[in-house]
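All letters in the sequence shown, in the order written, are residues 19 to 256 by my numbering. Structure, as structure tokens:
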Amino acid sequence: MTAKFIGAGVGPGDPELITLKACRYIQNADVISYISNEQGVSQAKSIAQDVLKNARSNLQEIPLLMPMQENRTEANRVYDEASTAIQQAIANGLQVVFLCEGDPLFFGSFGYLLERLQGHIPCEVVPGISSIHAAASALQHPLTVLTESFSVVSGRHSQEKIESALRNNETVVIMKAGRSRQRILQALRNTQRANDAQYLEYIGRDKEKIYHNVLDLDGEAGPYFSLFVVTSRARCSR
19 MTAKFIGAGV GPGDPELITL KACRYIQNAD VISYISNEQG VSQAKSIAQD
69 VLKNARSNLQ EIPLLMPMQE NRTEANRVYD EASTAIQQAI ANGLQVVFLC
119 EGDPLFFGSF GYLLERLQGH IPCEVVPGIS SIHAAASALQ HPLTVLTESF
169 SVVSGRHSQE KIESALRNNE TVVIMKAGRS RQRILQALRN TQRANDAQYL
219 EYIGRDKEKI YHNVLDLDGE AGPYFSLFVV TSRARCSR
């Protein structure tokens, strides 16, 4: 079998949401790679811990220790070094699986590695369940119906871009909401969409929280793993 670099989505947090294909690749991997913080804690690896119990006994690891602050120069250095290590492992005939929260190609760190390695080594992507779809399931609420428009924006976007999305789309999901939570709440008020919004943290994890009324949120910043789901309240009258 030709050695490959495989990006495997492990879902948003619930270990039972890992696909059978991702499980098979993880259990047969020679090397796993993943993002971790400076203390060595990896959310993706923790999600896959039950699957890893059945992994190879000689499994190797390539952790990517990311700085806590948003330092793109340092992050690029980490991606460069990991890409070199992954490329060497593939050259040695080892199968490398990168564990990625949610889906590898949807706000996934895997994309930065794929940019560096695609065309140089064989690559494959195993899709995973995104936090957006897990949020809709947790809310038991359709994201879109009929002709409704659907937009996904990042909380890191400008106030103008977030408000434009809220004004011009029936459904808006705002990702990476944590640090920008208060700014997003203001955008919801400015566009009169606060009553359409729901807020979720740590979907599918032990710390999961759901706020059906976003005006109940306090004035603090939220965690990285959080999002707003904004849908049309007029839907039921159609």
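Just so you know, even glycine gets a beta-carbon here, dropped at the ideal spot from N, CA and C. These numbers come from a predicted model, not from an experiment.
Thinking Ser169 and Ile221 are a contact (beta carbons under 8 Å), I'd like their distance in whole angstroms, please. Here residue 169 corresponds to residue number 151 of the sequence shown, with the count starting at 1. Here residue 221 corresponds to residue number 203 of the sequence shown, with the count starting at 1. Not confirmed; about 19 Å, so no contact.
Distance check for Leu164 and Arg256, CA to CA, integer angstroms please. Numbered from 1 along the sequence shown, position 238 holds the residue referred to as residue 256. Numbered from 1 along the sequence shown, position 146 holds the residue referred to as residue 164. With a pLDDT of only 45 at Arg256, under the threshold of 50, the placement of this residue in the model should not be trusted; the figure read from the coordinates follows. Near 10 Å, if we compare the C-alpha coordinates of Leu164 and Arg256.
How many angstroms separate the CA atom of Asn110 from the CA atom of Lys71? As a working mapping, residue 110 is identified with position 92 in the sequence shown. As a working mapping, residue 71 is identified with position 53 in the sequence shown. Roughly 24 Å separates the two Cα atoms.
Exposure label - Ile50; buried when at least 16 CB within 10 Å: As a first step, residue 50 is located in the sequence shown; it is residue number 32 there, counting from the start. Buried, because 16 or more other Cβ atoms sit within 10 Å of the Cβ of Ile50.
Assigned secondary structure, Arg256 (DSSP; H/G/I helix, E/B strand, else coil): Here residue 256 corresponds to residue number 238 of the sequence shown, with the count starting at 1. Any reading at Arg256 must be qualified, since the residue scores a pLDDT of 45, below 50, and its modelled position is unreliable; no value is offered.
Suppose contacts are defined by Cβ-Cβ distances below 8 Å. Is Pro33 in contact with Ala152 by that definition? Within the sequence shown, numbered from 1, the residue matching residue 33 stands at position 15. Within the sequence shown, numbered from 1, the residue matching residue 152 stands at position 134. Contact flag unset, no.
Exposed or buried, Thr91, counting other C-beta atoms within 10 Å across all chains shown (16 or more means buried)? The count along the sequence shown starts at 1 and reaches residue 91 at position 73. Exposed, because fewer than 16 other Cβ atoms sit within 10 Å of the Cβ of Thr91.
What is the rounded straight-line gap between the Cα of Leu135 and the Cα of Thr209? For the purposes of this step, residue 135 is taken as residue 117 along the sequence shown, with counting starting at 1. For the purposes of this step, residue 209 is taken as residue 191 along the sequence shown, with counting starting at 1. Answer to the nearest angstrom: the Cα atoms are 42 Å apart.
Cutoff 7 Å; reference Asp315; Cβ partners in own chain excluding five residues on either side: No statement about residue 315 is possible, as the shown extent of the chain runs from 19 to 256 and does not include it.
For Phe243: DSSP bridge partner residues: In the sequence shown, the residue the question calls residue 243 occupies position 225. In DSSP, Phe243 forms no bridge with anything.
What residue from Gln177, Glu238, Gly173 and Arg207 has the CA that sits closest to Val191's CA? Taking the first residue of the sequence shown as 1, we reach residue 191 at position 173. Per the C-alpha coordinates, the member of Gln177, Glu238, Gly173 and Arg207 positioned closest to Val191 is Gly173.
Please state whether the Cβ-Cβ distance between Val115 and Ile44 is less than 8 Å. Translated into positions along the sequence shown, residue 115 becomes position 97. Translated into positions along the sequence shown, residue 44 becomes position 26. Yes, the Cβ-Cβ distance between Val115 and Ile44 is below 8 Å.
Which stretch, first to last residue, makes up the beta strand (DSSP E) that contains Lys227? In the sequence shown, residue 227 corresponds to position 209, counting from 1. Lys227 to Tyr229 is the span of the beta strand (DSSP E), which, as asked, contains Lys227.
If distances are taken between C-alpha atoms only, which option among Ala40, Val143, Cys118 and Leu184 comes closest to Ala212? If you number the sequence shown from 1, residue 212 lands on position 194. When only C-alpha atoms are compared, the closest one is Leu184.
Nearest CA to the CA of Thr189: which residue from Cys41, Asp234, Ser198 and Ser167? Working through the sequence shown from its first residue, we reach residue 189 at position 171. Measuring from the Cα of Thr189, the nearest candidate turns out to be Ser167.
Can you give the beta carbon distance from Phe13 to Ile108, rounded, assuming they're within the 8 Å contact cut? It is not possible to answer for residue 13, since the shown part of the chain is limited to 19 through 256.
Return yes when the Cβ of Leu218 is within less than 8 Å of the Cβ of Ala156, no when it is not. Within the sequence shown, numbered from 1, the residue matching residue 156 stands at position 138. Within the sequence shown, numbered from 1, the residue matching residue 218 stands at position 200. In this structure, Leu218 lies closer than 8 Å to Ala156 by Cβ.
In the DSSP assignment, what are the bridge partners of Cys141? As a first step, residue 141 is located in the sequence shown; it is residue number 123 there, counting from the start. Cys141 is bridged to Phe23.
Cutting at 8 Å between CB atoms, please list the residues of its own chain near Val171, excluding the five before and the five after it. In the sequence shown, residue 171 corresponds to position 153, counting from 1. Only Lys179, Ile180, Ala183, Val190, Val191, Ile192 and Met193 meet the Cβ criterion.
So Val144 and Ala40 are supposed to be a Cβ contact under 8 Å. How far apart are they, rounded? Here residue 144 refers to the residue found at position 126 when the sequence shown is read from its first residue. Here residue 40 refers to the residue found at position 22 when the sequence shown is read from its first residue. Contact flag correct, Cβ pair sits at about 5 Å.
So, Leu117 versus Ala66, is the Cβ gap smaller than 8 Å? Mapped onto the sequence shown, residue 117 falls at position 99. Mapped onto the sequence shown, residue 66 falls at position 48. Going by C-beta atoms, Leu117 is nearer than 8 Å to Ala66.
Which value, in whole angstroms, describes the spacing of the CA atoms of Gln105 and Gln113? By one-based count along the sequence shown, residue 105 stands at place 87. By one-based count along the sequence shown, residue 113 stands at place 95. The straight-line gap from Cα to Cα measures roughly 10 Å.
Fully enclosed by the stretch 164-252, which alpha helix (DSSP H) runs are 4 residues long or longer? Here the runs fully enclosed are 177-186 and 199-208.
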